Amino acid sequence: MTWGKGVSSILVACGDRAGAEAHYLPPLRAAGWAGGLELVGPGGPLPALEGVAGLLLCGGDDIHPRNWDPLEPLHPEAEPDEARDAFELPLLRAAWAARLPILGICRGEQILNVALGGSLFQHLPEACGPAGLPHRQGSSAERPQRLPHEVVLAPGSRLAGVLGAAWVAVNSRHHQAVRRLAPGLRAAAWAAETAHAEGPLVEALEAEDPGRWAFGVQWHPENLVDRDDAAGEAARRLFAAFLAACRG
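Going letter by letter, the sequence shown gives residues 1226 to 1473 in our numbering.
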């Protein structure tokens, strides 16, 4: 499905089209995108990238561990969407090869990391203990008001410049998270009070190449754009920067 007309379109990869229409498309329009918005996902063909301005990857269910380690068993708490895995991994790799602007949100951040060779924690309460609980209990798509924890932006990171902040309070509803960073990506933010045995918990990532626009955030900025506070301003700045890259 394509919304709007224009010379170029943004691909919006999702598993729930109604949810994407309700929560992800409005912030793009509000930020000024007048081109096409094409919802893509399992059940449809892998889209051609000719005329595509950028790729937005929505949140959703878990990623199967076989995508980063064929020998890692599926955690009992995991609920993988294997159809999305099969659709989004080749799409992401093609978009990366084409140097398209990429914005990954929640699952979208995770699948970006996995597509490029990184790995995930399957269940934060197991990896981080009680400190992992707020990441899953903070909000829902329908009730995103709670901001249960803060993220600290990496000093000098491109994401800190995009958001215009050194830290930001975020909403949160995930139990998988980035573990090993993929080659070509670096940590751009960490959870302020959550760590695991290998270090602080990564909450955002960005491309190491300064000439490539690719970011992933673990929180849900699409639910924050209407807030009249620093969290809302950071969310609006993120979508505006993505659209500027798509236009450029």
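Each residue gets a CB set at the ideal place from its N, CA and C atoms; glycine is no exception.
The model shown is predicted, which means the values in this text are computed figures rather than measured ones.
Hey, V1237 and A1245 are a contact pair by Cβ (cut 8 Å); roughly how many whole angstroms apart?
Locating residue 1237 in the sequence shown gives position 12, where the first residue counts as 1. Locating residue 1245 in the sequence shown gives position 20, where the first residue counts as 1. With a Cβ gap of about 6 Å, V1237 and A1245 count as contacting.
For the alpha helix (DSSP H) containing V1237, name the first residue and the last one.
Stepping through the sequence shown from its first residue, residue 1237 is reached at position 12. Not the alpha helix (DSSP H): V1237 falls in the beta strand (DSSP E), residues S1234 to A1238.
Under 6 Å Cβ to Cβ from D1287, same chain only, skipping five residues before and after it: list those, please.
Here residue 1287 is taken as the residue at index 62 of the sequence shown, counted from 1. These residues qualify, in order along the chain: A1303, E1304, P1305 and Q1401.
CA nearest to the CA of D1221, picked from H1348, G1266, I1327 and G1457
No answer is possible for residue 1221: the residues shown for the chain start at 1226 and end at 1473.
Cutting at 7 Å between CB atoms, please list the residues of its own chain near P1315, excluding the five before and the five after it.
Translated into positions along the sequence shown, residue 1315 becomes position 90. Hits under 7 Å: L1271.
Between the segment 1330 to 1341 and the segment 1403 to 1411, do three or more beta carbon pairs fall short of 8 Å?
yes
Sequence-distant residues of the same chain with beta carbon closer than 7 Å to R1462, five excluded per side:
As a working note, residue 1462 is residue 237 in the sequence shown. These residues qualify, in order along the chain: V1387, L1388 and G1389.
Might you give, ordered along the chain, the residues of its own chain that have their beta carbon closer than 8 Å to the beta carbon of G1240, omitting 5 neighbours on each side?
The count along the sequence shown starts at 1 and reaches residue 1240 at position 15. Around G1240: G1266, P1267, C1283, G1285, D1286, D1306, A1308 and R1309.
Tell me, which residues are paired with P1305 by DSSP?
On the sequence shown, residue 1305 is found 80 positions in, with the first residue counted as 1. Looking at the DSSP assignment, P1305 forms a beta bridge with D1287.
Proximity below 8 Å, CB of E1423 to CB of V1376:
The residue labelled residue 1423 in the question sits at position 198 within the sequence shown. The residue labelled residue 1376 in the question sits at position 151 within the sequence shown. Cβ atoms of E1423 and V1376: not closer than 8 Å.
By the DSSP assignment, the alpha helix (DSSP H) with L1296 in it spans what residues?
Position 71 of the sequence shown, counting from 1, holds the residue named residue 1296. No alpha helix (DSSP H) contains L1296, which DSSP labels as neither H nor E.
Contact belief for I1336 with L1349 at Cβ below 8 Å, rounded distance in angstroms:
Here residue 1336 is taken as the residue at index 111 of the sequence shown, counted from 1. Here residue 1349 is taken as the residue at index 124 of the sequence shown, counted from 1. I1336 to L1349, Cβ: 17 Å. No contact.
Comparing C-alpha positions only, which one of A1465, W1321 and H1300 sits nearest to E1351?
Here residue 1351 refers to the residue found at position 126 of the sequence shown. Of the candidates A1465, W1321 and H1300, the one whose C-alpha sits nearest the C-alpha of E1351 is H1300.
For P1350, which residues does DSSP report across the bridge?
In the sequence shown, counting from the first residue as 1, residue 1350 sits at position 125. Looking at the DSSP assignment, P1350 forms no beta bridge with any residue, so it has no partner.
Pairwise C-alpha distance: P1290 and G1276
For this step, residue 1276 is matched to residue 51 along the sequence shown. For this step, residue 1290 is matched to residue 65 along the sequence shown. Going by the C-alpha atoms only, they are around 33 Å apart.
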